[in-house]
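Each residue of the sequence shown is one higher than the last, beginning at 14 in my numbering. Backbone N, C-alpha and C fix where the C-beta goes; we use that ideal spot for every residue, glycine too. Here is the structure we will look at, set down as structure tokens.
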Amino acid sequence: MKPEKIDIEQARHATGLRIVTLAYIPSPWGEALKGILHIKQLPHARVGHVFGSPTTTLREWSGQDSFPVMAWNDEPPRTTWIDQLNLAERLAPTPRLIPEQFEDRVLMFGYCNELFGENGIGWTERLRGVHEQITKPGGDPAGVSAYLGKKYGYTPEIGERATQRVASGIAALAKRLQEQKSRGSRFFIGDNLSAMDVYWAASSNAMKPLVPELCPMSDQIRQVFTIIEPSIVDAMHPILIEHRDFIFKNYLELPVDLS
Ligand SMILES: N[C@@H](CCC(=O)N[C@@H](CS)C(=O)NCC(=O)O)C(=O)O
């Protein structure tokens, strides 16, 4: 069920479900939203925004200019992962990606926030990359790094602490999967697939991407989204990659279509 590709003006004035994602970049948030719609078999139209092209219409429509955006009929466009997940769950309650049990739900939203929320692992990883570019000789202090740093709250202090925060977060996710495995579960939360599994699978492609045949992207983008920082590489226990592979193989679309 391939989404219809439309442009931003069409999306703004259309009805039904529309999403706007970054094209050609393995953005965790955008790829996770695409994954959720795939799992729930929700028909939708998609705008693939090319990084650096104008965002005027998106800003007028959604009040901001980050990706992804998810819109349902004339309701206010959703611009954060938690609102997007709740809308998807409302439009297609099955298969559920938000656990039914209270305790599992509390755990899942906690883990998701650590990975996907503001100042979570993904967010901090972005600021770590900004810090690396700004501080290394021959880096990119004025271009994309400055833009992302200003937009997502970079300070030198946050940059200094980012490596440790990302490494310890990744290590905690690995520990969780090991605990779950020892109690016989293949999933982050309880005994079933949840949004957290999808969020991790999507995030991993911006840290240690799937092979090119399964996730085609330019060499330059692949290099930017492959972490080589030794302490984070060390924290990336094989169970995290096994889990990513399991989720993609069983629940998500392969090869990944970043267009
Ligand atoms: N607002 C989203 C996060 C969105 C986000 O961080 N988007 C990044 C994805 S890499 C983005 O749009 N980057 C490109 C840009 O800001 O121009 C949420 O809180 O769920």
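Pick from LEU50, THR137 and LEU71 that is closest to THR92, judged by C-alpha positions
Per the Cα distances, LEU71.
Would you kindly check if the distance between the Cβ of ALA84 and the Cβ of PRO180 is under 8 Å?
The residue you asked about is not Pro; residue 180 is Ala in the sequence shown. Contact: no.
Cβ of LEU35 versus every heavy atom of ligand 1: is any distance shorter than 7 Å?
Yes, Cβ of LEU35 sits closer than 7 Å to a heavy atom of ligand 1.
Using only the alpha-carbon positions, how far apart do PRO154 and TYR167 sit?
Looking at the backbone, the Cα of PRO154 and that of TYR167 are separated by about 12 Å.
Of the residues ARG103, GLY182 and ASP87, the one placed nearest ILE134, counting alpha carbons only:
Comparing alpha-carbon positions, the option among ARG103, GLY182 and ASP87 lying closest to ILE134 turns out to be GLY182.
Look up LYS18 in the DSSP assignment and give the residues it is bridged to.
Among the bridge pairs identified by DSSP, LYS18 is matched with ARG59.
Contact test: LYS47 Cβ vs ligand 1 heavy atom, cutoff 7 Å
Flag unset: Cβ of LYS47 not near ligand 1.
The beta strand (DSSP E) spanning MET83 covers which residue range?
Segment 82-85, the beta strand (DSSP E) holding MET83.
Alpha-carbon spacing of GLY142 relative to PRO222, whole angstroms:
Rounded to the nearest angstrom, the two C-alpha atoms are 16 Å apart.
When DSSP builds the beta bridges, which residues end up paired with VAL33?
Paired residues: VAL60 and VAL82.
Got a sec, what are the start and stop residues for the alpha helix (DSSP H) MET220 sits in?
That residue, MET220, is in no alpha helix (DSSP H); it is neither H nor E in DSSP.
Report buried or exposed for MET14, applying the criterion of at least 16 other Cβ atoms within 10 angstroms of its Cβ.
Exposed, since its Cβ has fewer than 16 Cβ neighbours within 10 Å.
When we look at the beta-carbon of TYR160 and count the other beta-carbons within 10 Å, is it buried (16 or more) or exposed?
Around the C-beta of TYR160, fewer than 16 other C-beta atoms lie within 10 Å, and the residue is accordingly described as exposed.
VAL157, enclosing alpha helix (DSSP H) - first and last residue
DSSP places VAL157 in the uninterrupted alpha helix (DSSP H) bounded by 157-164.
Can you tell me whether THR69 is buried or exposed, with buried defined as 16 or more other CB within 10 angstroms of its CB?
By the 10 Å Cβ count, THR69 comes out exposed.
Consider the C-beta atom of TRP42 and the heavy atoms of ligand 1; say whether any pair is separated by less than 7 Å.
The beta carbon of TRP42 sits closer than 7 Å to at least one heavy atom of ligand 1.
Cβ-based neighbour list, LEU55, same chain, cut-off 7 Å, excluding 5 preceding and 5 following
The residues are LEU30, ALA101, LEU104 and ALA105.
Comparing alpha-carbon positions, which option in LEU190, GLY76, PRO81 and LEU186 lies nearest PRO89?
Among LEU190, GLY76, PRO81 and LEU186, the Cα nearest to that of PRO89 belongs to GLY76.
Is it buried or exposed, PRO108, if we count other Cβ atoms within 10 angstroms and call 16 or more buried?
Exposed: under 16 other Cβ atoms inside 10 Å.
I need the boundaries of the alpha helix (DSSP H) containing HIS11, first residue and last residue.
This structure cannot settle anything about residue 11, because the visible part of the chain is limited to 14 through 272.
Boundaries (first-last residue) of the alpha helix (DSSP H) holding CYS125:
115-129 is the span of the alpha helix (DSSP H), which, as asked, contains CYS125.
Count the other CB atoms within 10 Å of the CB of LYS10; is the residue buried (16 or more) or exposed (fewer)?
Shown here, the chain extends from 14 to 272; a query on residue 10 therefore has no answer.
Within its chain, find whatever has a CB closer than 7 Å to the CB of ARG199; leave out the 5 residues flanking it on each side and keep chain order.
Closer than 7 Å at the Cβ level, and outside the excluded window around ARG199, lie PHE259.
Does ARG178 come out as helix, strand or coil in the three-state DSSP assignment?
Helix, per DSSP.
Presumed contact (8 Å Cβ cut-off) between LEU120 and VAL211, rounded CB distance
Wrong, their Cβ atoms sit about 16 Å apart, outside the cutoff.
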